[in-house]
Each structure stands twice: as structure tokens, then as C-alpha cells.
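If you're matching them up, the sequences are chains A and B in order. Quick note: the first sequence uses the numbering used here, first residue 6, plus one each step. Quick note: the second sequence uses the numbering used here, first residue 6, plus one each step. Glycine is no exception: its CB is placed at the ideal position from the N, C-alpha and C atoms.
There are 2 protein chains.
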Amino acid sequence: MANDKKVLTMDSLNPCVKIMEYAVRGPIVDRATALENELKNGASKPFTRVVKANIGDCHATGQKPITFIRQVLALVTYPELLMKNGDFPEDAKNRAKKILDACKGGSVGSYSESPGLLAIREDIAAYIAKRDGHPSNASDIIMSTGASDGIKAIITLLLTGKDGSGKAGIMIPVPQYPLYSAVIAEFNAYPIRYYLNEENQWSLDVSELKHAISEARAHCVPRAIVVINPGNPTGQVLTRQNIEDVIRFAKEEGLFILADEVYQHNIYAKGSKFFSFKQVMKEMGEPYSSMELASFMSASKGFMGECGYRGGYAEVINLDPQVKLQYMKSISAKLCPPVSGQAVMDVIVNPPQPHEPSYKLFEKEKEFVLAQLREKAKLVTDLFNSIEGISCNEVQGAMYAFPCIKLPEKAIEAAKEVGQTPDAFYCFALLEETGICTVPGSGFGEKEGTYHFRITILPPQEELREVLGHFKEFHLRFLSRYS
Amino acid sequence: MANDKKVLTMDSLNPCVKIMEYAVRGPIVDRATALENELKNGASKPFTRVVKANIGDCHATGQKPITFIRQVLALVTYPELLMKNGDFPEDAKNRAKKILDACKGGSVGSYSESPGLLAIREDIAAYIAKRDGHPSNASDIIMSTGASDGIKAIITLLLTGKDGSGKAGIMIPVPQYPLYSAVIAEFNAYPIRYYLNEENQWSLDVSELKHAISEARAHCVPRAIVVINPGNPTGQVLTRQNIEDVIRFAKEEGLFILADEVYQHNIYAKGSKFFSFKQVMKEMGEPYSSMELASFMSASKGFMGECGYRGGYAEVINLDPQVKLQYMKSISAKLCPPVSGQAVMDVIVNPPQPHEPSYKLFEKEKEFVLAQLREKAKLVTDLFNSIEGISCNEVQGAMYAFPCIKLPEKAIEAAKEVGQTPDAFYCFALLEETGICTVPGSGFGEKEGTYHFRITILPPQEELREVLGHFKEFHLRFLSRYS
Numbered sequence: 006m007a008n009d010k011k012v013l014t015m016d017s018l019n020p021c022v023k024i025m026e027y028a029v030r031g032p033i034v035d036r037a038t039a040l041e042n043e044l045k046n047g048a049s050k051p052f053t054r055v056v057k058a059n060i061g062d063c064h065a066t067g068q069k070p071i072t073f074i075r076q077v078l079a080l081v082t083y084p085e086l087l088m089k090n091g092d093f094p095e096d097a098k099n100r101a102k103k104i105l106d107a108c109k110g111g112s113v114g115s116y117s118e119s120p121g122l123l124a125i126r127e128d129i130a131a132y133i134a135k136r137d138g139h140p141s142n143a144s145d146i147i148m149s150t151g152a153s154d155g156i157k158a159i160i161t162l163l164l165t166g167k168d169g170s171g172k173a174g175i176m177i178p179v180p181q182y183p184l185y186s187a188v189i190a191e192f193n194a195y196p197i198r199y200y201l202n203e204e205n206q207w208s209l210d211v212s213e214l215k216h217a218i219s220e221a222r223a224h225c226v227p228r229a230i231v232v233i234n235p236g237n238p239t240g241q242v243l244t245r246q247n248i249e250d251v252i253r254f255a256k257e258e259g260l261f262i263l264a265d266e267v268y269q270h271n272i273y274a275k276g277s278k279f280f281s282f283k284q285v286m287k288e289m290g291e292p293y294s295s296m297e298l299a300s301f302m303s304a305s306k307g308f309m310g311e312c313g314y315r316g317g318y319a320e321v322i323n324l325d326p327q328v329k330l331q332y333m334k335s336i337s338a339k340l341c342p343p344v345s346g347q348a349v350m351d352v353i354v355n356p357p358q359p360h361e362p363s364y365k366l367f368e369k370e371k372e373f374v375l376a377q378l379r380e381k382a383k384l385v386t387d388l389f390n391s392i393e394g395i396s397c398n399e400v401q402g403a404m405y406a407f408p409c410i411k412l413p414e415k416a417i418e419a420a421k422e423v424g425q426t427p428d429a430f431y432c433f434a435l436l437e438e439t440g441i442c443t444v445p446g447s448g449f450g451e452k453e454g455t456y457h458f459r460i461t462i463l464p465p466q467e468e469l470r471e472v473l474g475h476f477k478e479f480h481l482r483f484l485s486r487y488s
Numbered sequence: 006m007a008n009d010k011k012v013l014t015m016d017s018l019n020p021c022v023k024i025m026e027y028a029v030r031g032p033i034v035d036r037a038t039a040l041e042n043e044l045k046n047g048a049s050k051p052f053t054r055v056v057k058a059n060i061g062d063c064h065a066t067g068q069k070p071i072t073f074i075r076q077v078l079a080l081v082t083y084p085e086l087l088m089k090n091g092d093f094p095e096d097a098k099n100r101a102k103k104i105l106d107a108c109k110g111g112s113v114g115s116y117s118e119s120p121g122l123l124a125i126r127e128d129i130a131a132y133i134a135k136r137d138g139h140p141s142n143a144s145d146i147i148m149s150t151g152a153s154d155g156i157k158a159i160i161t162l163l164l165t166g167k168d169g170s171g172k173a174g175i176m177i178p179v180p181q182y183p184l185y186s187a188v189i190a191e192f193n194a195y196p197i198r199y200y201l202n203e204e205n206q207w208s209l210d211v212s213e214l215k216h217a218i219s220e221a222r223a224h225c226v227p228r229a230i231v232v233i234n235p236g237n238p239t240g241q242v243l244t245r246q247n248i249e250d251v252i253r254f255a256k257e258e259g260l261f262i263l264a265d266e267v268y269q270h271n272i273y274a275k276g277s278k279f280f281s282f283k284q285v286m287k288e289m290g291e292p293y294s295s296m297e298l299a300s301f302m303s304a305s306k307g308f309m310g311e312c313g314y315r316g317g318y319a320e321v322i323n324l325d326p327q328v329k330l331q332y333m334k335s336i337s338a339k340l341c342p343p344v345s346g347q348a349v350m351d352v353i354v355n356p357p358q359p360h361e362p363s364y365k366l367f368e369k370e371k372e373f374v375l376a377q378l379r380e381k382a383k384l385v386t387d388l389f390n391s392i393e394g395i396s397c398n399e400v401q402g403a404m405y406a407f408p409c410i411k412l413p414e415k416a417i418e419a420a421k422e423v424g425q426t427p428d429a430f431y432c433f434a435l436l437e438e439t440g441i442c443t444v445p446g447s448g449f450g451e452k453e454g455t456y457h458f459r460i461t462i463l464p465p466q467e468e469l470r471e472v473l474g475h476f477k478e479f480h481l482r483f484l485s486r487y488s
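Quick look at the structure:
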């Protein structure tokens with residue numbers, strides 16, 4: 006009865022919230038946390054600790070922060086440290102002074118401009134210009150609280166304010182990082198799902214894109230296409246040709262391109278190279294070079310993995326000038342992204358240069374992380390492909406493997422009985438028996454009748470080897486149990 | 006023609022974005038920034054610098070950070086500093102260690118749980134329990150990126166997913182901090198505006214609340230009431246009696262209470278005391294004590310003014326347990342609020358204790374800021390009330406004065422001619438002639454035919470005196486020009 010008096014009940018709750026899902030932090034993670042607590046309280050388990058391979062949380066799995074980033078951050082935080090001789094390298098001090106000069110009142114405790122401190126946006130533009138070989142403008146850089154917040158801000162602009170078949174349609178890959186489906190659900194937009202081609206290294210087939218959009222036209226007004234490159238959860242690095250195809254498709258269909266390029270530093274495979282959508286568009290010439298594009302970047306991935314600082318930005322080009330003003334207005338009520346996250350981003354895009362004292366250490370730390378990731382990407386790919394009933398595309402980039410598992414009919418039935426998807430059933434069993442926490446493929450979307458899971462390649466090499474050993478044993482046990 | 010090819014034009018842009026406004030960072034601020042640049046480039050103006058009294062940005066106007074906050078922050082940022090003997094007080098080191106222990110991998114660079122680090126939420130709950138004399142539970146504390154982000158998250162839950170008269174109605178004060186109207190516009194909800202009683206120290210009259218909600222029922226489904234206490238932009242501190250009246254009203258009407266209590270440390274007037282909505286509800290007993298309530302707090306205001314760190318939290322009580330789970334799910338896709346902002350909040354709610362080495366300095370710095378604000382609140386109130394044609398309620402709390410100005414008919418006509426509201430016309434003239442940037446009352450809402458502006462009391466005392474002197478001269482000049 007007490008419940009009847011609540012304003013918010015499951016009946017009155019925003020229905021968009023009810024349908025929204027975000028698998029990366031879903032029920033399996035809750036169970037993993039519960040298991041951790043059981044272990045802490047002395048429960049006996051077939052494993053001694055839980056390995057959270059569900060989320061791309063670099064420092065959580067033991068990666069060390071890049072020294073120069075944290076030195077600059079400490080200095081801007083507590084400028085008294087600038088007075089001490091010898092404790093901090095000169096380039097860290099100079100950078101900190103530059104950032105503090107850009108802050109109102111010389112404090113990172115003041116609000117920045119809503120799109121971020123101009124001095125930092127200039128550094129970002131310089132980084133992009135150098136990366137692509139094409140000019141970039143600080144006025145097109147809009148910083149955000151992680152990339153997610155920037156993505157939401159752009160999708161907000163694209164909504165139609167209409168319901169039913171007038172809804173904004175946003176094309177998203179399947180499988181996809183579930184932020185997109187979550188935001189689309191929350192905003193009552195329409196997800197136009199296109200399947201990545203697993204047989205061809207998770208590439209985007211234009212025929213599939215065309216098929217998906219033509220099916221969707223009855224249900225929505227298509228406005229944009231999301232492409233995640235390097236792929237999450239799929240780990241592919243798109244070829245330049247594939248990017249060109251997508252750009253042509255978007256032009257034909259009148260779509261805004263949302264390029265999620267947060268893993269741009271995470272390229273491992275021989276022959277793979279990162280091309281930004283902007284670079285490819287610019288080099289395709291008109292009419293492609295003046296298409297509207299938002300490219301997203303984050304401080305949370307790459308070699309730095311500074312997730313907790315929530316640094317991110319979007320480069321948004323070719324906007325109608327009046328729309329640009331509305332965009333700036335729309336982000337102003339959020340006041341500004343965290344200034345410490347902005348400072349982290351500044352160091353990422355403008356690292357120490359060869360003549361500066363911190364250069365060597367920075368490069369060494371960066372290369373160490375990336376080299377480890379490169380080895381682990383290969384280790385994981387090879388291991389999964391060595392197991393019967395599992396196939397795994399090469400982890401060319403990003404931080405995840407997304408292997409395909411053939412599940413026995415009996416396992417599929419057993420999953421049905423307990424009301425789980427077959428891959429969730431598999432991942433829960435994996436967690437209970439080995440302590441390895443992964444995310445079921447169904448949380449990202451997958452072709453009907455196929456089953457996957459996402460596992461990060463982040464645990465330290467030795468631990469990862471051990472994890473993969475336990476995984477293999479589990480898999481064989483699971484197969485024999487349900488065969 | 007090129008414009009025709011854009012996906013996003015003023016015609017296709019989300020209509021909710023178009024109607025959204027956020028006056029605190031509106032056109033007058035753009036003009037102030039332009040003036041600053043003109044001055045920098047040597048332009049001759051009747052003033053030598055622009056005083057941005059438009060926004061509650063404490064450090065921007067010269068307030069110094071609290072040492073202990075920044076020491077703890079520097080230590081968690083760059084834990085190498087923990088090794089140095091003597092550079093940092095022991096209590097700062099201990100606090101930093103406690104926070105790092107709560108972080109995955111011992112790094113503030115890892116993601117926290119979506120509602121924030123448990124250890125910090127426990128400190129927040131302890132702070133609230135001590136403040137109110139009633140228990141508080143860490144599981145009811147949900148940290149956010151500034152208070153704004155937390156407010157948006159709760160309003161999201163309250164939306165109905167319907168259009169027209171099925172829209173969610175959210176009661177907001179007039180005048181109000183325009184975050185609320187901006188979020189309501191963005192989310193296509195319905196603002197139920199109720200007028201604060203300027204004649205009675207900006208109190209909430211229940212008759213006005215009843216009038217507003219009954220008028221609105223034809224247009225929406227009323228779901229919640231927003232109360233800002235201490236008031237922004239109005240500077241009042243609600244009496245306990247007034248809070249009780251509002252709670253009874255909300256109960257009768259079946260409304261969720263959103264209590265914006267970010268200025269809870271900013272109480273200046275003799276006889277004024279801060280009562281939290283939670284405390285009053287709890288002490289009213291059933292059925293009031295089990296009403297749904299969200300109270301918001303920020304690291305950006307109070308005595309610390311750490312706006313740039315974007316720290317904030319909501320205490321959300323008496324939620325239906327299933328709704329609570331949905332709420333937690335709904336914030337999970339944002340991953341987590343900035344961990345450095347969480348750390349700032351930890352120090353605010355759990356400051357050094359009398360036996361600890363940093364206690365004296367912390368208290369001294371805190372009291373200095375608050376004592377200055379107290380004096381400035383009085384200074385501003387007295388000054389405005391000494392000017393003919395201006396009346397100003399006592400600034401009892403928060404950081405703003407919101408004086409009422411009588412404008413001559415000729416000024417009102419002149420404003421019409423240039424397409425401005427009369428108070429925007431006045432504020433622009435003030436800016437051009439004195440360099441003082443304020444926000445026109447129309448940006449917050451005001452009774453028809455009345456004119457106001459919001460000015461912060463943040464500039465340092467001497468500067469504020471000077472500013473107020475220039476203001477007075479301007480006002481008299483303005484009056485004589487249009488009389």
C-alpha cells in the first residue's frame with residue numbers, strides 16, 4: 006500500500022528509462038562485485054579473485070599513470086609546488102603555468118568556457134591538424150565530460166522532437182558499444198541497427214547499410230550514422246576504402262556522421278593504420294569534404310587510460326553557423342567539463358617534445374603500454390582461435406576481443422530455462438567458475454543465432470595468460486557438460 | 006544553396022534546443038568577453054576592466070582555494086608526493102591514502118562506481134546525518150558532475166514519455182536559476198511557474214503554489230516541485246515554517262520534491278538558519294517523512310567555490326526500490342562523475358578535525374571566505390536600497406542580489422525599439438558604460454511589469470565597493486537620460 010503513495014513507481018517512471026540498457030555495467034558486473042565481497046568475507050570459491058575484464062578501465066587493472074600527465078596535474082592543482090626547485094621537471098612546470106594562465110583567476114577551480122579552455126582547444130586543434138595533414142580550428146573543438154557527454158550533446162541536436170515515424174533515426178553498428186543504444190533509448194530516438202560483417206573482419210558493408218536504412222524509413226527519419234573505429238567491442242581497424250564507402254553512403258542518404266574515434270591511439274595489427282573520418286572526407290574533396298561530421302575523442306583510452314578524469318572532446322565540422330550557435334547555447338547550462346580532465350587532455354594532445362626534459366620518460370611509458378597491448382591483442386586472438394568452437398577476428402585495435410562461441414543445443418535450452426540469453430548464461434557460468442567477468446555479446450547486439458562475449462585485453466600479461474588458461478579449461482568443461 | 010545540403014539546419018534542429026535558454030551564459034556575457042578583448046587590444050572605454058558579476062564563479066573573482074582541499078587533491082593526483090617527508094601535513098596524506106584505497110588500482114584515473122566511490126558517499130552520509138540529526142545512508146547518495154548533472158538525472162526519471170497534456174509538469178520558482186527551465190525545455194517537459202513573493206522576502210506562498218498547479222493541470226501531469234534554498238537568484242533563506250508549508254503542499258498534490266540546497270553553507274543574515282528539506286520532513290513525521298525527496302549539493306559554492314572540479318551529489322530518499330534500481334541503471338551509461346571532483350567533495354563534507362594538524366588553517370580560510378561574503382551581502386543590500394528607484398530584499402544567503410529597478414517609461418520604449426527586454430536594455434547599458442556584467446532579471450523570470458538584475462556578491466570587498474560606486478553613478482545617469 007505504501008507504494009501506491011509514491012510519485013515514482015514502475016508504472017509512472019519515464020518509459021524511456023525502463024527500456025534503456027547499458028550492459029557494460031549490467032547484472033553480471035553486480036554479481037562480480039558480490040563475489041568479490043563473498044571472497045573478502047572468507048567464502049570458498051574455485052578462484053581466489055575476480056578479474057574484471059568487462060570494462061576498459063586501464064588503471065583498475067594495474068596500468069600505471071603516465072608520469073608527465075600527473076606531474077602537470079599536481080602542479081595545476083596545488084601551484085605551491087611550482088615554487089619548489091628540482092622536484093618537478095621544467096616542462097611540466099611550464100605546461101602547468103600555461104594552463105593556469107588560461108584559467109580565470111589562475112585557478113582550475115574556476116569554470117572554463119562551456120566548450121573548454123581556449124588554450125587547450127588550440128592544442129587539440131594543432132594535434133588534429135598534425136595527425137590528419139589538414140587544418141583544424143579551435144572553434145570547432147568542444148570539450149566534454151568524457152566522450153560520452155559529447156556524444157549525447159550531438160545526438161540531442163539531431164532529435165526531431167517528434168514521435169512515432171517522425172522520430173530521429175540514428176544508425177548504429179551491431180555489435181556496438183551500448184552507450185549509443187542507451188542514449189537513443191533515453192532520448193526516445195530510433196536505433197537503425199546495421200550489422201558489421203564478422204566474416205570480413207567486422208567491416209561495414211554498404212549493401213547492409215542500405216538495407217538497414219531502407220527498412221527503417223517507415224519507422225523514423227534517418228539523421229545520422231555512428232561508426233566506431235577502431236571498433237568497440239569488435240576490435241577492427243577500418244580500411245581507408247571502407248571509410249570512403251561509408252562517407253559516400255552518408256552523403257547519398259543525407260546523414261550526419263558521428264565518428265567514435267576514442268581508440269585512435271590503439272592500433273596493434275601489422276598493416277592496420279588509423280585514418281580519421283575527417284582526413285578521408287577532406288581528401289575525397291567536394292562534396293564530401295564539406296559534410297557535417299563529429300569526431301569524438303577521450304582521455305580514458307589510448308596509452309593514458311585516465312578514465313576517472315572524464316576528459317573528452319568532439320571536433321565538429323561544417324555545421325551551419327546558426328546551428329553552431331544553438332549547439333553552443335545547448336551546452337552552456339552544463340557550465341563546463343571538469344577542468345582537470347581538460348588539463349589531462351592537453352598533455353595527451355601536446356606531449357613533451359624531443360628537446361624537453363620529460364620527452365624520454367613520456368615516450369618510454371607510452372611505448373611500454375602500447376607494446377604490451379599489442380602483444381596482448383595477439384595473445385588473446387591466438388588463444389581464442391586455438392579453442393574448438395571459438396573463433397575470433399584479429400584484435401587489430403581498441404582494447405577488446407569479441408570472440409564468437411558455438412554453444413551446444415543443451416546449453417541454449419538450459420539458458421532458456423533460467424530466462425537468460427545463451428551467451429549471458431555462458432558468461433555467468435564463466436564468472437562463477439573462474440572469477441572472470443566478461444560481458445555477454447547480447448549486451449552489444451549480435452546476429453540472431455550467434456553468441457559472443459567481450460573481454461578486455463587490459464590485465465597485465467602474466468595475469469592475462471593465467472586468465473586465458475582458466476578460460477580454456479572452463480570452456481572445455483562447459484562444452485562437455487552440455488554435450 | 007550550400008545550406009540546403011546540411012543535415013542540421015535551423016529547420017531540422019531539435020526544436021527543444023531552439024527554445025532552451027540559459028541566461029547566465031547568454032548574449033550579455035558574450036558582449037562582456039568581446040569588451041575584454043577590445044580592452045586588451047587597446048580600445049578606449051569608460052572603464053579599464055570588465056567585472057564579471059554574472060556568474061557564481063568564486064575563484065575567477067579572486068577567491069583563493071582552501072589549502073587542505075588542494076593538498077589532498079595534489080596527493081591523490083601524484084602519489085609520489087606521499088613519499089616526501091614534511092611537505093604535506095599528515096592529515097592530508099592520510100586522507101589521500103584513504104581516497105586512493107577506495108579507487109580501483111589505487112588510481113584516481115580508474116572509473117569509480119557510477120554513483121561515486123563508496124568511501125566518499127559514506128563521508129557524505131555522515132555529514133548529512135550530523136547536519137540534520139537524522140540518519141543518512143550512503144546508498145542514497147548519488148554523486149554527479151556538478152549538481153546540474155544530478156538534477157538532470159532525476160528530472161529524466163520524472164518524464165512521462167508523453168506529449169501535449171500528458172507531459173511531465175515540473176514546478177519551478179520565478180525567478181529561478183535558469184538551469185531548470187533549460188532542462189525542462191530540452192526534455193520537452195512543462196514548466197509550472199510559481200511566483201516567489203518579493204514583498205515577503207521571496208517566500209513561497211502556498212496560495213500561489215495552488216494557483217499555479219491548478220492552472221497547469223490542463224497542460225501537463227504535475228510530477229515535481231523545485232525549491233531553491235538558499236535562493237538563486239533571490240538570496241532568501243526559507244524559514245522552517247515556509248518549508249513545512251511547501252512539504253504539506255507537495256504531499257497533497259503528490260509531488261516529488263527537488264530541493265536545490267547547493268548554497269547550504271552560504272547563510273549570512275542574522276536570524277536566518279539553514280534547514281534542509283530532509284530534516285523538516287523527518288521532523289514532521291508520517292506521512293511526510295516517507296515522501297520522495299532529492300536534495301542537491303555542489304562543490305562549486307559554499308566557502309570552497311571549486312567550480313572547475315564539477316563535484317556534486319544528490320541525496321535521494323524514499324524511492325520505490327524498483328525505481329531505485331532503474332535510477333542506478335540510468336546513470337550507468339555515463340560511467341562515473343569525475344573522481345577528482347569526488348575527492349574535493351570528500352574534503353568538504355569531512356573537513357579536518359580539531360585534533361588534526363590542518364584544522365586551524367582550514368577553519369581560518371573557511372571563516373575568512375564566509376565572513377567576507379557576510380559583509381558583502383550586507384554592503385550590497387544596503388547600497389542598492391540607498392538608491393532611488395531600486396529596492397533590494399536582504400541577501401540572507403547564497404551569492405547574489407536580485408534588486409528590483411523602476412525603469413522610466415522612456416527607457417522601456419527605447420528598449421522596445423531595439424527589441425530588448427527593458428532590463429536587458431538596462432544591463433547592456435550598465436555593461437557598456439561601466440564594464441559591470443550582470444544578468445537581466447528576464448533571464449530568471451520575473452513578474453510582468455517588474456524589472457530586475459542579478460549581481461554576484463563575489464568580487465573582493467574593495468573592488469565591490471568601487472563597482473557599486475560606478476553602479477550608482479550609472480543608475481542616476483540612466484534615469485536622467487530617460488526621464
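Of the residues assessed, B/H216 falls on the exposed side of the cut-off, its CB having fewer than 16 other CB atoms within 10 angstroms.
Across the segment 109-122 of chain B, CB contacts with chain A closer than 7 Å involve K109, G110, S112, V113, G114, S115, Y116, S117 and S119, in sequence order along the chain. Burial of B/K109 is indicated by the presence of at least 16 other C-beta atoms within 10 angstroms of its C-beta. Excluding sequence positions up to five before and after A/T72, its CB lies within less than 8 Å of the CB of S363, L366, F367 and E370, all in the same chain and listed in chain order. Chain A has no Cβ within less than 7 Å of the Cβ of B/A28.
With contacts defined by Cβ atoms closer than 7 Å, A/V22 and A/N59 do not form a contacting pair. 7 Å or more divides the Cβ of B/Y314 from the Cβ of B/P183.
Residue environment for B/L162: buried (at least 16 other C-beta atoms within 10 angstroms of its C-beta).
Excluding residues up to 5 positions away in sequence, L86, L87, F93, A97, K98 and A101 lie with their Cβ nearer than 7 Å to the Cβ of B/L80 in the same chain. Note on B/S391: under 16 other CB atoms within 10 angstroms of its CB, so exposed under the neighbour-count rule. The C-beta of B/D325 comes closer than 7 Å to at least one C-beta of chain A. For B/E320, the enclosing beta strand (DSSP E) covers residues G316 to I322. Flagged as an interface residue toward chain B: A/Q331, by a C-beta distance shorter than 7 Å. Taking one beta carbon from each stretch, the segment 286-305 of chain A and the segment 149-156 of chain A have 3 or more pairs nearer than 8 Å; the two touch. In the DSSP annotation of this structure, A/M148 is not part of any alpha helix (DSSP H); the continuous beta strand (DSSP E) holding it starts and ends at I146 to T150.
Annotated three-state conformation of B/R136 is helix, per DSSP. The beta carbons of B/N355 and B/W207 sit no closer together than 7 Å. Contact between the segment 140-149 of chain B and the segment 167-180 of chain B is absent: fewer than 3 CB-CB pairs across the two stretches fall below 8 Å. Rounded to the nearest whole angstrom, the CA to CA distance from B/I395 to B/T386 is 10 Å. Within the segment 363-376 of chain A, not one residue has a Cβ closer than 9 Å to any Cβ of chain B. Annotation for A/D265: the continuous beta strand (DSSP E) segment containing it runs F261 to D265.
For B/G310, there is no enclosing beta strand (DSSP E), as DSSP marks it with neither H nor E. For B/G47, there are no neighbours in chain A by C-beta distance under 7 Å, as the nearest C-beta there is about 20 Å away. Interface flag for B/P32 against chain A is unset, since no Cβ pair is found closer than 7 Å. At a cut-off of 7 Å between C-beta atoms, B/F261 counts as an interface residue with respect to chain A. The C-beta of A/M15 comes closer than 7 Å to at least one C-beta of chain B. Counting along the chain, B/R482 sits inside no beta strand (DSSP E); it lies in the alpha helix (DSSP H) bounded by residues Q466 to R486.
Secondary structure at A/C63: coil, using DSSP grouped into helix, strand and coil. For A/G114, there is no enclosing beta strand (DSSP E), as DSSP gives it neither H nor E. Its chain contains L384 as the residues whose beta carbon lies nearer than 8 Å to that of A/R470, once the 5 sequence neighbours on both sides are disregarded; these appear in chain order. Residue contact check for A/D35 against chain B: no CB pair falls below 7 Å.
Below the 8 Å Cβ cutoff, chain A contributes A338, K339 and L340 as neighbours of B/S153, in chain order.
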